[in-house]
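Residue numbers (the working numbering): 6 to 209. The beta-carbon is built from N, C-alpha and C at its ideal position, and this holds for glycine as well. Okay, structure first, notes after.
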């Protein structure tokens, strides 16, 4: 997804957006002329489904099997060549296979925090809460972090064109680096339970 653009839909078409996580999956249908006003929006418990396709088919059946021009699915896991194995689910996603089975004209799978990072640069100033005052630099690199089932990480790098390059990271899997005795005790506890102490084991 580095430097690429999500699937595009023509004016008046239905578009599908999905947020596929280890705990919950959110799906929404909207029209291109009013993308912030869902035609249908549903939340599912991810672990109730053995794979993503049956969940998607349930959603499309409720929607009346409409013709969908484009879809972007943001998945909690590393994405490569249109495929993703979710980190905390046995789901295996393949963009071409999903498009073929569902009849969706254009379907793309992106990392969930790459999608979040793209959304952050579109938000107004009023959407942010300042935790520590400072002097922001408009064209400085940015990092997006989020603790959920895991710990999502993505970076935004400014480009000469004024656009942002999105780098999806799996930073939640980096090793926890304790510095004090209490932190060392936590690291030993996590290692005994999980085999490895990672950042997302501490924060998520």
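Report task. Determine the burial state of residue 194: buried for a count of at least 16 other Cβ atoms within 10 Å of its Cβ, exposed for fewer. Result -> exposed
Report task. Could you say which of 87, 99 and 34 lies nearest to residue 71 if we only look at CA atoms? Result -> 34
Report task. Could you say which of 184, 75, 166 and 58 lies nearest to residue 106 if we only look at CA atoms? Result -> 58
Query raised in the report: In chain order, which continuous runs of the alpha helix (DSSP H) of length 4 or greater are located wholly inside the region 105-152?
Result: 117-125
Query raised in the report: Are residue 178 and residue 154 closer than 8 angstroms when you measure CB to CB?
Result: no
Query raised in the report: Between residue 75 and residue 100, which are expected to be in contact by the criterion C-beta below 8 angstroms, what is the C-beta distance as a whole number of angstroms?
Result: Not a contact, Cβ separation roughly 12 angstroms.
Query raised in the report: Does the distance from the C-beta atom of residue 162 to that of residue 172 stay below 8 angstroms?
Result: yes
Requested in this report: Can you tell me the Cβ-Cβ gap for residue 80 and residue 25, rounded? I've got them flagged as a contact below 8 angstroms.
Outcome: 4 angstroms
Query raised in the report: Based on the DSSP output, what are the partners of residue 163 in its beta bridges?
Result: 169
Query - Whole-angstrom C-beta distance between residue 98 and residue 114, which should lie under 8 angstroms - result: 5 angstroms
Requested in this report: Put residue 205 into one of helix, strand or coil per three-state DSSP.
Outcome: helix
Report task. Taking the CB atoms as reference points, tell me whether residue 174 and residue 117 lie closer together than 8 angstroms. Result -> no
**Report entry** residue 122 to residue 67 span [Cα, whole Å]
**Finding:** 30 angstroms
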